[in-house]
Amino acid sequence: MSTMAYLKRSPWILHYDASSCNGCDIEVLACLTPLYDVERFGIINTGNPKHADILMITGGINELNRAVVRNLYEQMPEPKVVVAIGICAATGGIFRECYNIAGGVDKIIPVDVYVPGCAARPEMIIDGVVAALSILEEKRAKMTGNAQAKEAARQAAEAGEST
Amino acid sequence: MSKRIVIPFGPQHPVLPEPIHLDLVLEDETVVEAIPSIGYIHRGLERLIEKREFTEYVYVAERICGICSFMHAVCYSQGIEEIMKIEVPDRAHYLRTIWSECSRLHSHLLWLGLFADGMGFENLFMRSWRLRESVLDVLEDTSGGRVIQGTCKVGGVRRDIGAEKLAEMHRALDPFEEQCRDLGDVFLNDDTVKYRLQGLGVVGKDEAYALGAVGPTARASGVAMDHRETGYAAYGDLGFKPVVETTGDCYARCAVRVKEVYASIDLIRRAIDQIPEGPLDVKVKGTPDGEYFSRVEQPRGEVIHYLRGNGTKHLTRARIRTPTLANIPILVKMLPNAQLADVPVVVLSIDPCISCTER
Amino acid sequence: MGFFAMTKTVLRNLAGGPATRQYPVVPARTSALTRGHIAFDPATCRSCGLCSRRCPCEAIRIEKEEKVWEINRMRCVACGDCVEGCPFGSLTMERDYLPPVVEHVVEHHTITYVKPEKPEKKPKEESAGESA
Amino acid sequence: MTVNEEQTTIGVALEDLTREVEGLQAGGYRLVQIGCTDIGGAYEVNYSFDKDYQYRNLRLTVGPETEVPSISGIYWGAFVYENEMHDLFGIPVTGINIDFKGTFIKTAEKYPFSVTRRGGDQCRNA
Amino acid sequence: MTWTWLIGAVLFLILAPVAGGLIAGIDRRITARMQGRVGPPLLQPFYDVGKLFEKENVVVTTAQNFYVLAYLIFIALSGALFFAGGDLLLIVFAFTLAHVFLVLGAYAVHSPYSHIGAERELIQLMAYEPMVILAAVGLYMVTNSFYVADIATTTIPAILYLPGVFLGFATILTIKLRKSPFDISTSHHAHQEIVKGITTEFSGSTLAQVEIAHWYENVFLLGFIFLFFAWNPIIGVAAVVVTYVAEIFIDNVTARVRWQAVLKSGWLAAVLALANLAILSYMMLGGV
Amino acid sequence: MQTLLFLILFPILVACLLLFVKQTTLRYAVVALSALAIGGASIYLLIQYAFEGAVYFAAPSEAAGLVMVAIEMGLALFIVYMGAKFKNYLAIALAVIQAALVVYLEISFPENLHAVHNLFIDQFSIIMALIVGLIGSLIAVYAVRYMETYHHHHPEVRDRQKMFFFVIFAFLAAMFGLVFSNNLMWLFFFWEVTTISSFLLIGYSETEEATKNAFRALVMNLLGGVAFVVALIILAATEPTSGGIDLARVLTSPDAAVILIPAVLIGFAGITKAALMPFSSWLLGAMVAPTPVSALLHSSTMVKAGVYILVRFSPVFAGTFAGFSVGLVGAVTFVVASAIAISQSDAKSVLAYSTIANLGLIAACAGVGTYMLVWAAILLIIFHAVAKSLLFLGTGAIEHRTGSRNIEDMEGLIVRMPKMAVMMFIGIAGMFLAPFGMLISKWAAIEAFVQVPFGLVFIAILAYGSAVTVFFWAKWMGKLVTVTRNQERVEKGFFEESWAPLYIITGLVIAAVLLFPVISSTLIEPYVLAIYGVTALLPQANVAIMLLMMALLLVLPVSFLLFKRSAKRLPVYMGGRPSTPDLHFAGSLGMTREVQTQNYYLTEYFGEARLFRPGAVVCIILILASWVLAGVAL
Ligand code: SF4
Ligand code: SF4
Ligand code: SF4
Ligand code: SF4
Ligand code: SF4
Ligand code: SF4
Ligand code: SF4
Ligand code: SF4
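So the sequences go chain by chain: A, B, C, D, E and F. With numbering that gives the first Met the number 0 applied, the first sequence corresponds to residues 0 to 162, in that order. With numbering that gives the first Met the number 0 applied, the second sequence corresponds to residues 0 to 358, in that order. With numbering that gives the first Met the number 0 applied, the third sequence corresponds to residues 0 to 131, in that order. With numbering that gives the first Met the number 0 applied, the fourth sequence corresponds to residues 0 to 125, in that order. With numbering that gives the first Met the number 0 applied, the fifth sequence corresponds to residues 0 to 287, in that order. With numbering that gives the first Met the number 0 applied, the sixth sequence corresponds to residues 0 to 633, in that order.
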């Protein structure tokens, strides 16, 4: 089961609006609509961190949402990747200097892919997810490759219950 | 022991794309108490005026929000123009009107989609957003940006729309309107939609007015208040009438927006018919000295940019009071006694936009 | 028919086939005005600094002496103001988007403009810098 | 059809505020907004009202930390603006009907704010 | 003869996940088409489940895995009993037991959304249970047996006697397939006010088990539909297909309703079935 | 016969002994030993008579009859006294009427008041005796320590434990008497004793509410008692055809029409005792009594006397419209009480409503009275008795440890009192889940009703009723299994000895499932066969499947070992809002709030206020209808 790599074919995303201006947000949502239909790639916008593989964040970090972003990130099971959508999420963007903006998402959690643009377009977001997939796959390989005894035990347990 | 359920609702929540938090107290599924908390998007962008020249700030103003981005730019520019007594050419006024109404269209269609999503009507969401894409295509063709146009500036507009493009837009309006009417038909007539909306979150005319509600939220309660009536930009020439409903429930709020979609199509049509030739902008000389409360009707209602300059390139104060902020009180009043399933519907019915609310 | 008001749309969708733009297969839809990204021509830039001054995001940095022109792609909002502001046409707005990246990108250019003679076009030199 | 918009601004003293606001409320005005402007060491607070697009603005000037009475008893919805006044300008407002106690808009640092953040990256590309 | 039941059960246990996953894939594609989209690959459900098994195993409390496993086992068991030709009532009760386990799993985690999802699942259970029992009774009245084996091999066109029962069953099928307008406890559509409801806290392989159980369940339910048309297998299969497509259609033309409406619809469906049965028994009493 | 007499008389002896025991330890010893004796004797009874069919005993008559009448008169006087003391004149009136009728009966038909056999035993009696003997005595044991604690917690209540245990044991004796009596006069006597016992025990705490509820119970039961006497008078008057007061003769009487009216009247007495719909309020009021009382009288034994008598008379009801009406009273009670149970959060109220509902279901089976239904009814009696007594005792134990019997407060019991939670879990599962007993019986009932003309009405009611049942039980279960964090275990402090009865009853619940084929084949089927000439049988395959399910259920927990090792633990989803492990989150207005996940009660739809009155009205109409229909049949 470890070589199948279903992960690439079924990335479920969690979208969080950190402090975006809505511009990138609505473009993320636009990806779901008939014109872009990311379900073609098996992408589902789950809205639940426990089910998600990819965290898409728009907007920069501010005082109140830093805890939220960290909380959501931590609630996602491994392997997971973070995609920062738009320049706000990368650096704070045009609001970089505002007193309540601490900067990009990478101030709080590790970011794997940055999608530039203001607003990032649906096509760019799709590109971003595609880029994220290979990173996701790498992480999975690393995760399963870990020959730790504990890991092996877990695998055994999983195999046992999935019969 | 009271039989209560206390749960946090948001800030991250699949039904509300933007972070808003509610402490929900429920009895079974009936909302007993719902106290909002906001601030997840607060950036402090009003203060950026210290850093940006007043002409540059229009780019920031656009990014107060990516949905009615263009209207923020218009509101800001009008404020500066009023302070500096700049006479904007007519064609610019018309172009501003056309882009504004396109923004309203895309905003309302977006809202209709989210609203449908809030009711668990996925297909309707898909349909609304699909129609919205045609508006975005027009916006991209005419301004270069899908959601952030960047075409408004102090003293006029940055780009023209050629006659050919205008004619093309005009031609496209008829089939587009037909599709919108089909869409509106579902919102206004489908039984399950009506079941979800009618009698929900009712606010009467007087109460809505007293609470300071604005925009479609107020108009759904019978408060005929629409800033376009003051005739800014080219609205004075287009014979504008506000859309008003009287039942004050979520259905009415939905109906107002559906009908405003039709109205916007009409306005664009008329604006294209009447648009005069002429220059796009005037040169901006000098610096703003004075203050003005600039008001514009956004898709969600009246927005106010209070601008104040002291004769330098940097303003001393920009305060933006956005429609959602004005609609929060009415929201707080609407939530109790709704069902949990209705919470997203009620919240969405004011078309909350947190980005500009918190700036 | 109040109950199945959506039927018409569903049938139309079934009959009409999907509206999806097959993005990666079919290139993205753009228009003549589409603001994709800023391109810089190091051969014509006279280091006047106007672009940097106008940029609302402070995305452009220029060092006159070292002949450096930099753009931070993670800051640029592609507003095009710098393009309008450049008196020498060294900046253009391209229609295509930038690809996603795994690190912050600061694009670094060495200005090759040579003063009196007619500028000779030299291949632009790019290197992705790193920043926090 | 088109209505002309008028804007008037009148100053108001702290002790007259409530009375003036009550007067406007009785006159059928709706509360449009309350906003603050810092004018070097003091604050101007604008209470804006509107009736049929006629814009009336009461301007109150207060020193920092001066307690301002809430008008949420007159206009129920005033709490949003008053909480904002408190959180973003540090003006203590007394008697708000829904008092968020400084959590309406949480900020990293306390007022007064300025654009330039301390310590952060110096907005240079390097 | 004596071993045929075992064959049915074993075939079900092996094939139902395959069939269920395929059905889910077709469902998603048809849904996408109805929405004017392309939709995912046909095998997407299998990718999803495969992916879930690849994920890290995280829990809120280990107990949740136990309940979900029990849910899967008992769903499979009731389906297997069905295809083994067992007693319909017993199957229905085993089926209920399975769902109670799912609900308990959601309660066990002590999380706000999964709790609400659990309560709603129970409301759904309460809404459809009378109808399911009446459907079994209806089939009994026509075929004189509670045994699936007998009902499936009957030569009586049950549907002609039980149109009301069938309609009622189709109504609650919407609840069971978790389709709009009755998908209140957890929805296949991404956005719901209670996040993912009953499955909010399940992830990785646990969620995969829920998904597989759902496939089992769907095949079982479609088998139930078949019983109404069992006298002619071809018509039966066609009817199953038509019913399922109709469910997808309904899913795409309705908003999600509140729980009150779910309960009322479920119970009204049962009333419809009752009326049908009353007429039937009157006719039978009159006739005999 | 000796065993029978022992079972009736020995408890009386113990009761009297207990009047003089003051010390808890001593009392405990006495109670425990006698429980052992009683339990042993009832098992011996089983071994002795299980394969014998019905056995009749002449038994001493004259003297015993006189003593009984004397005691009855004494009890009537006692009621009059109590009624006068608490100004409850209705009770006085009923007691006087009843006494007068008894006197009238004795005087008018002295020659008809003879039964050939006064005592008897058959499989049904054995089952009832086992319930009384095993569960009853276990509860008595439990009660000793419970009552001690009770007085710890309620210092304001006068300590009348000697009286308490006297009544308990007297009650046990009466129950044995009741199920062994072939003489209806005797049966009536024991019937009245149970009524008085219940009255005394409900009023134990002597609070105003307790007294009020005790009188309500008394009045309603006396109403039934009056009907009982009237039935006896009619039977005595028609002795030649009806068989008089000899139960066996009555049941085999050739003139079905004649005995239908007395049957309906006795059935009415059964309805009052079983707290079916218009009378269910007394049972709810009875919940003020200490929990062992609820367990003993108001769920597992005394109320079963009501349905016992109905089941006894079901051959008479079978196929009559009067019986059909009686059955409907039960059915309506079942669905309405189940529905109301949804809206209750007090564990004892839920248990009470569920008891009423199940008694209703049994009555429904008994009223319609086909052989399969009688089979199902008896099965229901057994399973309900074991599971429900476990739940009551468990609730009492939980209340002692946590100070609350609200279901909401049982959240996380699996963490705080794991053993208790598992037992409650089993008890609840026993009430509504396959393959546990109640569900088997319901299933059998459905299969049986299908074959009855107009059975559809019952099926419909059963379908809705069991759907509703699932809701309220499952949500309670959910509370129990919720894994809460940062809560300490509080199991330890619960008085040690009381675990024993709980364990044993838990064992009984499981044993009942595993052994039910045996119980059915050795006890119920022969009984049904003896009465109807045919008997119900569960298909072997289904039995096997159910045993398989049970085995799966027992094995499944082993899978816990699989999960323990690996999984990473994450906090629950809180919308991203920062929260603490015990689910406090940073709420609005700067407050810290705690997540509360409480059950749904759907009061708007299933509230007492909304459902009780219509249910009661329907049932009253049905009861009246049953009388009219019985009259018409004559
Ligand atoms: S990158 Fe631009 S469009 Fe996106 S959130 Fe930031 S400001 Fe808005
Ligand atoms: S109202 Fe909403 S859409 Fe409009 S600017 Fe504000 S946030 Fe954006
Ligand atoms: S510091 Fe920034 S704004 Fe000032 S001249 Fe240099 S680049 Fe321009
Ligand atoms: S496009 Fe706008 S943001 Fe980008 S570099 Fe030019 S001026 Fe700056
Ligand atoms: S790019 Fe243009 S504006 Fe910028 S420094 Fe060079 S010449 Fe000046
Ligand atoms: S480098 Fe320029 S823009 Fe950045 S902080 Fe310093 S002065 Fe301000
Ligand atoms: S738990 Fe403690 S206080 Fe309560 S009854 Fe027992 S010994 Fe007394
Ligand atoms: S548990 Fe409750 S009712 Fe029982 S004795 Fe203690 S306090 Fe009284």
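All C-beta atoms, glycine included, are put in the ideal place defined by N, C-alpha and C.
- For F56/F, the uninterrupted beta strand (DSSP E) run begins and ends at 54-56, by DSSP.
- Pairing A83/F with T591/F, the inter-Cα distance amounts to about 57 Å.
- For T483/F, the neighbours in chain E by C-beta distance under 9 Å run, in chain order, H109.
- In the three-state DSSP reduction, G35/E falls in the coil class, being neither helix nor strand.
- Within the region 26-41 of chain E, the residues whose Cβ lies closer than 9 Å to any Cβ of chain A are, in chain order, R27, A31, Q34, G35, R36, V37, G38, P39, P40.
- Using a CB distance cut-off of 8 Å, M573/F counts as an interface residue toward chain B.
- As for any beta strand (DSSP E) of minimum length 3 sitting wholly inside the region 21-86 of chain D, the runs are 29-37, 42-50, 53-61, ordered along the chain.
- The C-beta of F87/C comes no closer than 8 Å to any C-beta of chain E.
- At least one heavy atom of ligand 1 sits closer than 7 Å to the Cβ of T57/A.
- Residues of chain E with a Cβ closer than 9 Å to the Cβ of E38/A are, in chain order, R27, A31, R36, V37, G38, P39, Q43.
- In the three-state scheme derived from DSSP, where H, G and I count as helix and E and B as strand, P215/B is classed as helix.
- Just so you know, the alpha carbons of V11/D and E19/D end up roughly 8 Å apart.
- Per DSSP, the unbroken alpha helix (DSSP H) holding H151/F starts and ends at 136-152.
- Annotation for A98/F: E71, M72, A75 place their beta carbon closer than 8 Å to its own, counting only its chain and skipping 5 residues before and after.
- Residue range 20-26 is occupied by the beta strand (DSSP E) that includes L25/B.
- Segment contact: the region 176-195 of chain E against the region 88-95 of chain E, fewer than three CB-CB distances shorter than 8 Å; contact not assigned.
- Taking the Cα positions, M219/F is about 10 Å away from L89/F.
- Separation of S403/F and Y149/F (C-alpha to C-alpha, rounded to the nearest whole angstrom) is 13 Å.
- Using a CB distance cut-off of 8 Å, V252/E counts as an interface residue toward chain C.
- DSSP places Q297/B in the uninterrupted beta strand (DSSP E) bounded by 288-297.
- The Cβ-Cβ distance between V252/E and V101/C does not fall below 8 Å.
- Distance from the CA of G322/F to the CA of S299/F, rounded to the nearest whole angstrom, comes to 24 Å.
- Segment contact: the region 315-332 of chain F against the region 352-368 of chain F, three or more CB-CB distances shorter than 8 Å; contact assigned.
- The three-state secondary structure of W2/E, taken from DSSP, is coil.
- Residues of chain B whose Cβ lies closer than 8 Å to the Cβ of D182/E are, in chain order, G119.
- For the pair E77/A and V59/E, the Cα-to-Cα distance works out to about 15 Å.
- Taken from the Cβ of V80/A, every heavy atom of ligand 4 lies 7 Å or farther away.
- DSSP assignment within the region 242-266 of chain F yields the following whole alpha helix (DSSP H) runs of 4 residues or more, N-terminal first: 246-250.
- Straight-line spacing of the CA atoms in A18/E and N217/E works out to 9 Å.
- Ranked by how close their Cα comes to the Cα of L222/F, the residues G266/F, A209/F, A69/F have G266/F in first place.
- At least one C-beta of chain E is nearer than 8 Å to the C-beta of K474/F.
- When DSSP states are grouped into helix, strand and coil, I37/C belongs to the strand group.
- In chain order, the residues that have a beta carbon nearer than 6 Å to some heavy atom of ligand 5 are C44/C, R45/C, S46/C, C47/C, G48/C, L49/C, C50/C, I61/C, G84/C, C85/C, F87/C, S89/C, L90/C.
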